[in-house]
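Enquirer: In mature numbering (1 follows the signal peptide of the UniProt record, and there is no 0), the protein residues as written are -19 to -1, 1 to 131.
Note that CB positions come from ideal geometry on N, CA and C, so glycine has one too.
The following block contains the structure, expressed as structure tokens.
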Amino acid sequence: MAKKLLILLFFLGSFFMHAQNLVWRTNMTDAIAISNELRKPMLILFTASGVPDNLQNEIFKTPDFAVWSRDNVVLVKLDLSDPNADASDKETNVKLKNAFGVQDLPEVCFASASIRKNKTTFSALGKIAYKPGGAKAWIAESNALLHPSE
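Rendered as structure tokens:
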């Protein structure tokens, strides 16, 4: 019995550890390349310091989100207040925020993109902000944006 319990704890522990190890891209060019290679849309999180942590804590730090994001999207985090970002990256991030029509932070935009002749073209799939209800409700709404015909 103790052996079974230890095995169960090991698997649950590894599952929860994996849930906390999301890979957020911060470079849009790299994210676009990975998105196109994997044929998955990007989940672009626009955020800044001092914004509420509800989206992070109640959605992104859950095992449900970890599993869903791994299978469905490429994660991109654009921190508009990052002191380590160079001026051109900050300018690009603000332009993207404006192009996607993001008003309030944090907000998530789903998009795909292509680069041809050094010109990037984005295709917006929708955007979603934090809403109370937990990860499963947020994921259901995200799926409705990503797969409107289903």
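Closer than 7 angstroms by C-beta to G82: which residues in its own chain qualify, once you throw out the five before and the five after it? Chain order, please.
Expert: By 1-based counting over the sequence shown, the position of residue 82 is 101. Once the five neighbours on either side are set aside, G82 has no close Cβ partner at all.
Enquirer: Residue range of the alpha helix (DSSP H) that residue 150 falls in?
Expert: In the structure as shown, the chain starts at -19 and stops at 131, and residue 150 therefore has no counterpart that could be examined.
Enquirer: Where do the ends of the beta strand (DSSP E) carrying D60 lie?
Expert: As a working mapping, residue 60 is identified with position 79 in the sequence shown. 55 to 60 is the span of the beta strand (DSSP E), which, as asked, contains D60.
Enquirer: Roughly how many angstroms lie between the CA atoms of P65 and N2, to the nearest whole one?
Expert: Counting from one through the sequence shown, the residue named residue 65 turns up at place 84. Counting from one through the sequence shown, the residue named residue 2 turns up at place 21. Per the sequence presented here, residue 65 reads as Asn, with Pro not at that position. One C-alpha to the other measures close to 22 angstroms.
Enquirer: Give a yes or no on whether the C-beta atoms belonging to Y111 and N35 are separated by under 8 angstroms.
Expert: In the sequence shown, counting from the first residue as 1, residue 111 sits at position 130. In the sequence shown, counting from the first residue as 1, residue 35 sits at position 54. It is a contact, given that the beta carbons lie within the stated cut-off.
Enquirer: With H, G and I counted as helix, E and B as strand and the rest as coil, what does DSSP make of R6?
Expert: Locating residue 6 in the sequence shown gives position 25, counting from the first residue. Looking at R6 - three-state DSSP - the assignment turns out to be strand.
Enquirer: By the DSSP assignment, the alpha helix (DSSP H) with S123 in it spans what residues?
Expert: On the sequence shown, residue 123 is found 142 positions in, with the first residue counted as 1. Residues 116 to 127.
Enquirer: Just tell me which of D85, E39, T28 has its CA closest to the CA of S62.
Expert: One-based indexing of the sequence shown puts residue 62 at position 81. Per the Cα distances, T28.
Enquirer: Would you mind reading off the limits of the beta strand (DSSP E) that contains S95?
Expert: The residue given as residue 95 occupies position 114 in the sequence shown. Looking at the DSSP string, the run of the beta strand (DSSP E) that includes S95 is 88 to 97.
Enquirer: Mark L19 as exposed unless 16 or more other C-beta atoms lie within 10 angstroms of its C-beta, in which case mark it buried.
Expert: Here residue 19 refers to the residue found at position 38 when the sequence shown is read from its first residue. Label assigned to L19: exposed.
Enquirer: Which term fits E88, buried or exposed, when burial requires 16 or more other beta carbons within 10 angstroms of its beta carbon?
Expert: Translated into the one-based positions of the sequence shown, residue 88 becomes position 107. Result: buried.
Enquirer: Looking at the strands, I want to know which residues DSSP matches up with L26.
Expert: On the sequence shown, residue 26 is found 45 positions in, with the first residue counted as 1. The partner list for L26 (beta bridge, DSSP) reads K58, V89.
Enquirer: One question on the structure: do V55 and M9 come within less than 8 angstroms of each other, judged by their Cβ atoms?
Expert: On the sequence shown, residue 55 is found 74 positions in, with the first residue counted as 1. On the sequence shown, residue 9 is found 28 positions in, with the first residue counted as 1. Result no, Cβ atoms of V55 and M9 do not sit closer than 8 angstroms.
Enquirer: Tell me which residues share the same chain as F(-5) and place their Cβ nearer than 8 angstroms to its Cβ, disregarding the 5 neighbours each side in the sequence.
Expert: Sequence index remark: in the sequence shown, residue -5 carries index 15 (1-based). At F(-5) the pLDDT is 49, less than 50, meaning the model places this residue with poor confidence; the figure from the coordinates comes in the next sentence. Same-chain partners within the cutoff: P44.
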